[in-house]
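All residue numbers for the sequence shown refer to my numbering, where the first residue is 156 and numbers rise by one. Backbone N, C-alpha and C define an ideal beta-carbon position, used for all residues, glycine too.
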Amino acid sequence: MDIMKNKDIYCLIGDPVSKSLSPVIHNNYFKLLGKNSIYFTFNIKDKELDIILKSFKILDIKGFNVTIPHKIRILDYLDEMSEEAEILRAVNTVKNQKGRLIGYNTDGIGFIKSLELEEIQIKDKNILILGAGGAAYAISISLAKEGVSKMTIANRTISKAISLSERITRLFPEIDVQYDGLKLENTNREKVDLVINCTAVGMYPNIDESPIEMEGFSKDLIVYDIVYKPRKTKLLQLAESKGHHTINGISMLINQALCSQEIWNGKKDCNFVQNYTKIRRILEEHVE
Ligand code: NAP
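Shown next, in the form of structure tokens:
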């Protein structure tokens with residue numbers, strides 16, 4: 156019985172993690188590439204973070220993902236951070252380089268990769284982002300880097316929409332950044348090219364809720380919901396009924412995981428298109 160011999164170990168830490176799809180993605184990735192590696196999930200409470208990170212160094216855990224509630228607190232334990240993680244002040248991927256912990260954030264780049272795979276151009280486009288939390292921040296920074304011309308941050312709590320739009324303006328003064336509430340009273344819907352739902356609205360079990368109504372948008376609008384459970388959220392159903400092109404959150408989920416793999420194992424392993432397609436097929440069996 157040497158099935159566990161010399162395996163490289165990776166994992167996810169968070170609380171809760173029992174429903175996470177990350178092990179399905181990463182372990183299937185290892186299988187596809189014939190790697191002698193394994194990915195676990197560990198439910199870690201706040202007060203256990205310090206001891207668990209010391210243990211990871213001793214056990215030579217090669218890399219790990221970080222989810223709620225540790226994405227920000229992990230910063231205190233890192234030796235180094237990528238520029239992206241530094242800007243976002245949040246980390247979802249850590250590489251253990253001989254005991255030095257290096258933090259990254261792959262949410263934004265994973266999102267951009269998913270657009271590339273769908274062959275969607277975003278340069279000079281007008282984007283409406285719903286939400287102003289961690290995912291909205293990561294995605295809006297990545298979109299700004301890709302050269303969108305206009306962004307509107309619409310959020311239930313308007314003060315957070317203002318704060319996020321101000322942060323983006325400070326970093327990218329050339330972009331026209333506006334803010335709004337979820338009623339979109341100050342947004343010219345017809346001019347929007349892409350709507351991205353970065354709120355938790357519509358996520359299981361609240362599957363009958365949509366963050367906005369889908370009236371007044373142009374026919375060419377693309378609607379991207381980063382929520383992946385259910386696969387077809389209420390927002391995507393409404394968008395489909397209006398004839399809009401829709402994308403669900405599974406795409407981003409897989410791509411941010413492949414970006415973590417690229418950080419841990421190097422670029423050459425990550426044949427994005429091929430591995431994405433195979434993992435997507437496997438994952439769709441796990442999400443209704
Ligand atoms: P977060 O930082 O907690 O932000 C949550 C956002 O949702 C805030 O803008 C919040 O608005 C809004 N919201 C929550 N409940 C709402 C409600 N009932 N009505 C209106 N707005 C509401 O969370 P996050 O990390 O940004 O994640 C947001 C969503 O994205 C989650 O569903 C998460 O699963 C999903 N996600 C998907 C991926 C992927 O790979 N596909 C990656 C990351 C996140 P307020 O500011 O008003 O509270």
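query: For K346, which residues from the same chain have a beta carbon less than 7 Å from its beta carbon, with the 5 sequence-adjacent residues on both sides left out?
result: Closer than 7 Å at Cβ, skipping near neighbours: N281.
Requested in this report: Indicate the three-state DSSP secondary structure (helix, strand or coil) for Y383 in the structure shown.
Outcome: coil
**Asked** Between H399, D234, I275, which lies nearest to I257 when the distance is taken from Cα to Cα?
**Response** Checking every option, the nearest Cα to that of I257 belongs to D234.
| said: Looking at the secondary structure, which residues open and close the alpha helix (DSSP H) in which M407 lies? | reply: That run of the alpha helix (DSSP H) goes 405 to 420.
Q. Of all the alpha helix (DSSP H) runs that stay within the bounds of the region 215 to 265, which reach a length of 4 or more residues?
A. As far as the region 215 to 265 is concerned, its whole alpha helix (DSSP H) runs of at least 4 residues are 238 to 243.
- Query: alpha helix (DSSP H) containing Q392: first to last residue?
  - Reply: Run containing Q392: 389 to 396, per the alpha helix (DSSP H) assignment.
message: With the cut-off set at 8 Å, would you say K433 and L187 are in Cβ contact?
response: Going by C-beta atoms, K433 is nearer than 8 Å to L187.
If you draw a straight line from the alpha carbon of N265 to that of L176, how long is it in whole angstroms? Per the sequence presented here, residue 265 reads as Gly, with Asn not at that position. Using only the alpha carbons, I get a separation of about 15 Å.
(message) Within a Cβ cutoff of 7 Å, which residues of the same chain sit near Y184, ignoring the five residues on either side of it in sequence?
(response) Q416, N430, I434
Enclosing beta strand (DSSP E) for A309 [first to last residue] = Its beta strand (DSSP E) spans residues 305 to 309.
**Q.** DSSP state of M156 mapped onto helix, strand, coil
**A.** Note that M156 scores a pLDDT of 46, beneath 50, so its modelled location is shaky and nothing firm can be said.
For I206, is the classification buried or exposed, using 16 other Cβ atoms within 10 angstroms of its Cβ as the cut-off for buried?
-> When all chains shown are included, I206 counts as exposed.
Is the separation between the beta-carbon of L390 and that of D348 shorter than 8 Å?
no
Could you spell out where the beta strand (DSSP E) holding G189 opens and where it closes? Here G189 belongs to no beta strand (DSSP E), and DSSP marks it neither H nor E.
If I measure Cβ to Cβ from K397 and keep anything under 6 Å in the same chain, skipping five residues before and after, which residues do I get? M369.
Compute the minimum distance between the beta carbon of C353 and the heavy atoms of the ligand NAP, and state whether it is under 7 Å.
-> yes
*Regarding R322 and the ligand NAP, is the C-beta to nearest heavy atom distance less than 7 Å?*
no
query = In chain order, which continuous runs of the beta strand (DSSP E) of length 3 or greater are located wholly inside the region 313 to 371?
reply = 331 to 335, 349 to 352
*Environment of N220 [buried if 16+ CB atoms lie within 10 Å]*: That one is buried.
*Excluding the five sequence neighbours on either side, which residues of its own chain have a C-beta within less than 8 Å of the C-beta of M156, listed in chain order?*
Below a pLDDT of 50, predicted positions are generally treated as unreliable, and M156, at 46, falls in that range; the measurement from the model is reported next regardless. There are no such residues.
(message) To the nearest angstrom, how far is the alpha carbon of D331 from that of W419?
(response) 36 Å
Next on the checklist: Taking the straight line between their C-alpha atoms, what separation do you get for V350 and S210?
Outcome noted: The alpha-carbon of V350 is positioned some 42 Å away from that of S210.
Check: Is the distance from the Cβ of L230 to the Cβ of V249 below 8 Å?
Finding: no
So the alpha helix (DSSP H) I437 belongs to, where does it begin and stop? 427 to 439
Return the chain-ordered list of same chain residues with a C-beta closer than 6 Å to the C-beta of I308, the five sequence neighbours on each side being excluded.
Here the set comprises I284, A287, A316, L319, S320, Y334.
Residues near L167 in its chain [Cβ-Cβ closer than 8 Å; skip 5 each side]: Taken in chain order, the residues that qualify are S175, S177, P178, Y194, F195, T196, F197, F219, N220, V221, T222.
Cross-strand partners of H399 (DSSP beta bridge)
Answer is none; H399 lacks a bridge partner.
Query raised in the report: Thinking C-alpha only, which one of P385, K200, A293 is nearest E238?
Result: A293
| said: With distance defined between alpha-carbon atoms, name the residue in H399, T388, T401, I437 nearest to I409. | reply: Closest in alpha carbon position to I409, among H399, T388, T401, I437, is I437.
(Q) Between the alpha carbons of H225 and N260, how many angstroms are there, rounded? (A) Roughly 13 Å between the two C-alpha positions.
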